[in-house]
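Throughout the sequence shown, residue numbering follows the UniProt record's numbering, covering 1 to 309 in sequence.
Glycine residues also receive a C-beta, built at the ideal position from the N, C-alpha and C atoms.
For reference, the structure is listed below as structure tokens.
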Amino acid sequence: MCHRSGYSNPKLNRARHMKASGSVRCGCTCPAVINVSTHTVEEVKEITVQYQSVQVGHELEVGKLHLSETEKSSLASSLCLGIPMATILDKTREEYSPTKRFGLTTRKDLHNICRDKQIAKKVILHTDDATSVDIMVKKMQGNTKNPVLLYKPVGGEMDNYSRIDKRDFLLAIMNDAQENFSNCMKTCNKHSIIPHSIDINQTEQHQIEKNAISNLHKASMDSVMNTILTEYEDIGRLIRGLKSIDQAHYVKEAFAAIKIHLKSTDNATNLPSLPPVQQEMATAPSNKNIDQQRKFIKKNKGSKRAKQQ
């Protein structure tokens, strides 16, 4: 059945005016119709179409047609990206065709698509980031309470600020909470509330800083000691799993070097009394690779085999 066939029955006491373009209904019955039926005979589907192409009671107006589902999906995707409706309408008008409805898309069509597709409030105002930010800032600047303190887009210039390059981007925004806090601080400074409440002499301040450094050092030392004890327990478990006599000798020499290193108040004076292997281990940095520390053990292993042969 023709979508323009029928009568329009507007309410008498309606709050809104009729559409400027008038109702889609033509006020009479249009004989144009199309019927499609399908029949399946021995797994063969037969499609039968009966239609009447004569239109009566109205003109062939493209603006009275409905947007296709493909066109609605295309417009919905643009709305989901946050592209402004004005930009979408400009693009649809560029694709105008006298036989297609898409070029005559209106703002009401976009609102209906947002309602039907349940498109949320737009966040991105444009596919281009710079353009989207510029639109957002201009929108905020147009509000009654402008939260924008400073705005310089890329390529813009700021007088009296020679160090700011044209390629720099600046945006400063203050919301209501930040503004209230700033006003509170200004009031406190004006009445000298804050300086008197936190006035501390230099001696007390120095003592506080000294105690803080001492406490920090103590806390750091406790943390290191806990780490050492944890590593010691892990080493104990590894030692109990040793299966080679060479590894056992290496661990024994390593512990001897550590023991002498801890007992000594001056490590340099006791190093000559250590065996060469233990001197190497006592002076080795903490981040030295274990393979480099074991290279002399490999030489001893070779010498033992030579002696046995």
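Separation of residue j from residue i, as counted between CA atoms
i    : j    : result
L171 : A76  : 31 Å
I233 : R240 : According to the sequence displayed, residue 233 carries Glu and not Ile. Using only the alpha carbons, I get a separation of about 11 Å.
K108 : F169 : 37 Å
Q50  : L79  : 39 Å
P84  : T105 : 14 Å
A256 : I245 : 17 Å
I113 : N35  : 28 Å
A268 : R237 : Residue confidence is low: A268 scores 45 on pLDDT, short of 50, so the model does not pin down where it sits. Its coordinate-derived value is still stated next. Between A268 and R237, the C-alpha separation is close to 32 Å.
T70  : L110 : 14 Å
R93  : K186 : 54 Å
S182 : A15  : 47 Å
L242 : Y250 : 11 Å
V54  : M140 : 54 Å
N180 : V137 : 22 Å
E43  : H3   : 34 Å
S162 : N143 : 31 Å
K91  : V41  : 48 Å
N287 : I235 : With a pLDDT of 47 at N287, under the threshold of 50, the modelled position of this residue cannot be trusted; read the value that follows with caution. One C-alpha to the other measures close to 17 Å.
T87  : E46  : 46 Å
K259 : Q247 : 18 Å
V224 : M158 : 53 Å
C263 : E253 : Per the sequence shown, the amino acid found at residue 263 is Lys instead of Cys. Rounded to whole angstroms, K263 to E253 spans 16 Å at the Cα level.
Backbone secondary structure at residue i - three-state DSSP
i    : result
I119 : coil
G6   : strand
L238 : helix
L170 : strand
Q247 : helix
A20  : coil
L12  : coil
I63  : Here residue 63 turns out to be Gly, not Ile, going by the sequence shown. In this structure, G63 counts as helix in the three-state DSSP scheme.
M158 : coil
R93  : helix
R107 : helix
D165 : coil
N143 : coil
K100 : coil
F296 : With a pLDDT of only 46 at F296, under 50, the local geometry of the prediction cannot be trusted, and no value is derived from it.
L262 : helix
Candidates the options: closest to residue i by CA position
i    : options                 : result
G57  : C80, S37 and T29        : T29
P10  : I34, M18 and R4         : M18
S5   : V137, C26, E95 and H111 : C26
R167 : D116, S223 and K152     : K152
V154 : M140, T131 and M136     : T131
I119 : A32, M1 and K72         : K72
S37  : V44, T48 and P31        : T48
S74  : L89, D134 and K138      : L89
S23  : P31, Q52 and E61        : E61
E59  : A32, G82 and E46        : A32
I135 : S97, G82 and L12        : G82
Residues bridged to residue i [DSSP beta-bridge criterion]
i    : result
V36  : V49
L150 : A172
C28  : G6
V41  : V44
### Given 8 Å, three or more beta-carbon pairs between the segment 91-101 and the segment 64-73
Verdict: yes, contact present.
Is it the case that the segment 147-160 contacts the segment 171-181, given that we only count it when at least three CB pairs across the two stretches are under 8 Å?
yes
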